[in-house]
Amino acid sequence: MTYHSAALFIIGTELTRGVIADKHCQVLSSQLTQLGFRVDRMVLVPDDGTIAEVLEDCITHCDVVLLTGGLGPTSDDMTRSIVASLAKVPLVRDQQTFEQLYQRIGERIWGANEQQTMIPQGFEAIPNPFGTAAGFRGFIPSGNRQIACVAMPGPPREMDPMFFDQVLPWLAQLIGHDDFSRSEYSTFLIPEAKLEELCKSVTFNGLTWGTRFQDLKISLYLNGGSGEERTLMADRLRGLVGPSLVVDGDVMPSALLTDLLLARNETISCAESCTAGFVAKLLTDQSGSSAWFYGGAVTYANEAKRELLGVSELTLENHGAVSEACVREMAEGMLTRSGTDWALAVSGIAGPDGGSKEKPVGTVWFGFAGKKRQTEAVCVHLSSWGRESVRRKASVVALILASRYIKGDCLLDTVDKWQYI
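To convert a position in the sequence shown, counted from 1, into the working numbering, add 14.
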């Protein structure tokens, strides 16, 4: 059987009542279209079982059905039972899903969560590392046709990685795309609209692209052509924004630094002002982080910079806390007190107040010190969409620049093409 047409079902009463906005239809339909599917229907339905009749009608007209939502532990989460009924099979426990969930929540599984380990017989469970509800995929017979059916959890932080990492490759194989190929890249600090414009300017030979906005990065997928052509398009993009903002594969900004430290068996510490500990948070998100991270100091007030890091009163009086001289002394003070191989420092103006003509909101200085390298500092001007956006972007910048500093790169050259952040 060939698969051409698709239907999308987004399930959730909070969606149909307007409590929250749907974020799935655009993502799913865009990616399915790039695969060559024709998306015929996109349906929002409440958690009240009414999906059954609409879904049965779609099965007679479409080849692929994707469902999101309705996989939770409550009585109104009916997706799995409705799919099982249409496939004329019972719900059965997926033992691997049960064991994985038991390891995470223990004896609590014997309550409502137990139903989240049940899937229609003959279907394949899809692991969900970000939530308790596994997805599943399989086929619903309809006459002489086998309708491909995939059910995924509703929350975007759970559905997005499941769809991109596990469902999309499966769908590509279904439609016989032997020539289907794509390459994944991680982009940092580039706004999604600007990334779209840049991709349009560097594409060639019919290469297409898709993006997925994630926390702290945007994943970029280049589709079609040969591997060499996709690599060339990525290199053209790097030529516009700099090589440090477009990285091969699925990489978080913290991994740029932590993987390097692990490979070198070295450690780092940090002194933070405007980022208020967010760099330290990112460095410790991964288990075992004590192997590379000593600790840090949030020295927000000038008194803290003096007392904890040894920044001189003269430096603060003559140059201010947001200055090259200050972050140099912050990094060197942290290095001396921690005894780590490397240290980084961040001081800037997160806003919304505190900026000036000379130092507007979004002005951030970064300092880096090492046992065997001269201290370096660089200033970056970040566009501001509020205090939180400056802090988060500054933290990503700190991680990227720290990895470049450790590798021996010139930091001024690194930030030279960062014109879109």
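We treat Cβ as the ideally placed atom computed from N, Cα and C, and that holds for glycine.
- Rounded to the nearest whole angstrom, the C-alpha separation of Glu280 and Pro175 is 31 Å.
- Scanning its chain for C-beta atoms nearer than 7 Å, with the 5 sequence neighbours on each side dropped, one finds around Val429 the residues Val392 and Val394, in chain order.
- Contact check for Arg151 against Ile140 passes: the beta carbons are separated by less than 8 Å.
- Looking from the CA of Ala305, the closest CA among Leu276, Pro267 and Gly362 belongs to Leu276.
- Per DSSP, the unbroken alpha helix (DSSP H) holding Ser417 starts and ends at Arg401 to Lys421.
- For Phe23, the secondary structure class from DSSP, reduced to helix, strand or coil, is strand.
- Counting C-beta pairs closer than 8 Å gives fewer than three between the segment 75 to 86 and the segment 212 to 232, which falls short of the contact rule.
- Short of 6 Å from the beta carbon of Ser43, and not among the five residues preceding or following it, lie these beta carbons of its own chain, in chain order: Val53.
- For Gly365, the closest of Leu358, Ile123 and Lys373 by C-alpha to C-alpha distance is Lys373.
- From the listed residues Gly256, Leu115 and Gly238, the smallest Cα separation to Leu49 is found for Gly238.
- Within the same chain, and ignoring the five residues on either side of Ser417 in sequence, the residues whose Cβ sits closer than 6 Å to its Cβ are Leu270, Leu271 and Leu274.
- Gly347 is a Cβ neighbour of Ala285, given a cutoff of 8 Å.
- Between the beta-carbon of Arg320 and that of Thr389 there is about 18 Å, and that puts the pair past the 8 Å contact cut.
- With the rule of 3 Cβ pairs closer than 8 Å, the segment 52 to 70 does not count as touching the segment 106 to 123.
- Assignment of beta-bridge partners to Thr82 by DSSP yields Ile24 and Met166.
- In the three-state reduction of the DSSP assignment, Ala285 falls in the strand class.
- Residue environment: Ala98 is assigned as buried (16 or more neighbouring CB atoms within 10 Å of its CB, all protein chains considered).
- Per DSSP, reduced to three states, the secondary structure at Arg196 is strand.
- When DSSP states are grouped into helix, strand and coil, Met266 belongs to the coil group.
- For the pair of segments examined, the segment 370 to 384 was found not to touch the segment 223 to 230: the number of CB pairs separated by less than 8 Å stays below three.
- Setting aside the 5 residues that flank it on each side, Arg401 is surrounded in the same chain by Ala364, Gly365 and Pro366, each with a C-beta closer than 7 Å to its C-beta; the list follows chain order.
- The C-alpha of Ser397 is placed about 22 Å away from the C-alpha of Ala294.
- Closest in C-alpha terms to Ala101, from the list Ile154, Arg122, Phe23 and Gly125, comes Ile154.
- Looking at Lys208, Leu105 and Glu70, the one whose alpha-carbon comes closest to that of Leu251 is Lys208.
- Assignment of beta-bridge partners to Ile161 by DSSP yields Ile154.
- Arg387 carries a strand assignment under DSSP once its states are collapsed to helix, strand and coil.
- Excluding its 5 nearest sequence neighbours in each direction, Thr93 has C-beta neighbours in its own chain below 8 Å: Ile25, Ile65, Leu81, Gly83, Gly84, Leu85 and Ala165, listed in chain order.
- Going by C-alpha positions, Gly256 is about 25 Å away from Arg278.
- By the 16-neighbour rule on beta-carbons within 10 angstroms, Met344 is buried.
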